[in-house]
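Numbering (the numbering used here), first residue to last: 31 to 298.
Given below as structure tokens:
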């Protein structure tokens, strides 16, 4: 095991702040706050003197199934590696994502990504608070998703918690499931089906949801072959399949399925 941190990028003060956070007791740490934690990863906010940081800690060597995670890492398929690659690819394509400030490998083989903290509500927060008009933020979100798909990417986990709404415009987050697929309507339709399910869960009206989907599918002359442009009918079919699949999952967890208006693709 390597006893030293392997930093690939990041300023010296940033590196020290992250390493100090990594070894401190989170319950007694007044400079950091754990936002989310699971067996696979944890996410924290650190109040660094120069900037607020979002630290994503992807467990690999410290994972309960470390041998499996190390095998993934050996082939470049670990979630931490995938997110690092996609952050850079999205940024190079001019897509709105958080700034990547540093990345490292810990002594026990885990992956660390350090991003600039974005002080903004998620799309879920905004919708639950009723902070949107018919043309905002849903139209801006649709435009951002359209740009992502036209750049050849699919998100893989496109729901209201993974879209931030700063004043500068929507930002996409949590990219470890995204892929680079130059063309392919199946993956676009999956993204939009999951997004529609998420909006339905939040009580967005069918007319607004339909406007979002139509905005995501507009091509404005971009040279996407017709065979690789998913039709609205295909997207609505994916939305219904997503609804059925996730509805069953909610039932298994003892939760009630969502009751929002659903689509019947045969009507379109």
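Idealized CB from N, CA, C, for every residue including glycine.
Q: Please determine if the segment 175-182 and the segment 234-249 are in contact, where contact requires at least 3 C-beta pairs separated by less than 8 Å.
A: As far as the Cβ criterion goes, the segment 175-182 touches the segment 234-249, which means the pair count is three or higher.
Q) Hey, quick one: how far does the alpha helix (DSSP H) through residue 262 stretch, first residue to last? A) Counted as a single uninterrupted DSSP element, the alpha helix (DSSP H) harbouring residue 262 occupies residues 262-282.
Q. Residue 272: which of 224, 238 and 88 sits nearest, CA to CA?
A. Residue 272 has its Cα closest to that of 224, out of 224, 238 and 88.
**Q.** Closest by C-alpha distance to residue 145, when choosing among 120, 196, 153 and 85
**A.** Ranking the options by Cα distance to residue 145, first place goes to 85.
Q) Do you know how far the Cα of residue 111 is from the Cα of residue 128? A) About 16 Å.
(Q) For a quick check, are the C-beta atoms of residue 139 and residue 45 less than 8 Å apart? (A) Cβ atoms of residue 139 and residue 45: not closer than 8 Å.
Q: Measure the alpha-carbon distance for residue 66 versus residue 151 and round it to whole angstroms.
A: Cα to Cα, residue 66 sits roughly 16 Å from residue 151.
Q.
Tell me the DSSP secondary structure of residue 194 in three-state form.
A. Three-state result, residue 194: strand.
Q. Which term fits residue 136, buried or exposed, when burial requires 16 or more other beta carbons within 10 angstroms of its beta carbon?
A. Buried, since its Cβ has 16 or more Cβ neighbours within 10 Å.
Q: Look up residue 103 in the DSSP assignment and give the residues it is bridged to.
A: Beta-bridge annotation (DSSP): residue 103 is not paired with any residue.
Q.
Taking the straight line between their C-alpha atoms, what separation do you get for residue 113 and residue 54?
A. Between the alpha carbons of residue 113 and residue 54 lies a distance of about 25 Å.
Q | For residue 140, the three-state DSSP class (helix, strand or coil) | A | Residue state, collapsed to three classes: coil.
Q: Rounded to whole angstroms, what's the CA-CA distance from residue 38 to residue 103? Just pull it up for me.
A: C-alpha separation (whole angstroms): 16 Å.
Q. Would a C-beta distance cut-off of 8 Å place residue 120 and residue 183 closer than the cut-off?
A. Between residue 120 and residue 183, the C-beta spacing is below 8 Å.
Q. Just the Cα atoms here: how many angstroms apart are residue 72 and residue 191?
A. Rounded to the nearest whole angstrom, the C-alpha separation of residue 72 and residue 191 is 16 Å.
Q.
Using DSSP's beta-bridge definition, name the partner residues of residue 152.
A. For residue 152, DSSP records a beta bridge to 194.
Q.
Please tell me whether residue 159 and residue 167 are closer than 8 Å, where the distance is taken between their beta carbons.
A. Inclusion of residue 159 and residue 167 in the CB contact set at 8 Å is not warranted, their separation being larger than that value.
Q | Selection from 194, 185 and 227 that minimises the alpha carbon distance to residue 210 | A | When only C-alpha atoms are compared, the closest one is 185.
Q. In chain order, what residues of the same chain have a beta carbon less than 8 Å from the beta carbon of residue 69, not counting five sequence neighbours either side?
A. Same-chain partners within the cutoff: 89, 93 and 94.
Q. Assuming residue 226 contacts residue 269 under a Cβ cut-off of 8 Å, what Cβ separation, rounded to an integer in Å, is found between them?
A. The Cβ separation is near 4 Å, so the contact holds.
Q: Output the residue ranges of the beta strand (DSSP E) runs that lie fully inside the segment 35-82 and measure 3 residues or longer, sorted by chain position.
A: If we require 3 residues or more, the beta strand (DSSP E) runs fully inside the segment 35-82 come out as 36-39, 62-67 and 71-77.
Q) Given a threshold of 16 other Cβ atoms within 10 Å of its Cβ, counted over all protein chains shown, does residue 47 qualify as buried or as exposed? A) When all chains shown are included, residue 47 counts as buried.
Q: Determine the DSSP secondary structure at residue 179, reduced to helix, strand or coil.
A: Residue 179: helix per DSSP, three-state reduction.
Q) Where does residue 109 sit, in a helix, a strand or coil, going by DSSP? A) Correct three-state label for residue 109: helix.
Q: Confirm, please, whether the CB-CB distance from residue 116 to residue 208 is below 8 Å.
A: Yes.
Q) In whole angstroms, what is the alpha-carbon distance linking residue 263 and residue 236? A) Whole-angstrom Cα-Cα distance: 15 Å.
(Q) Alpha carbons only, please: which of 43, 204, 243 and 170 is nearest the one belonging to residue 198? (A) Distances from the alpha-carbon of residue 198 to those of 43, 204, 243 and 170 put 170 closest.
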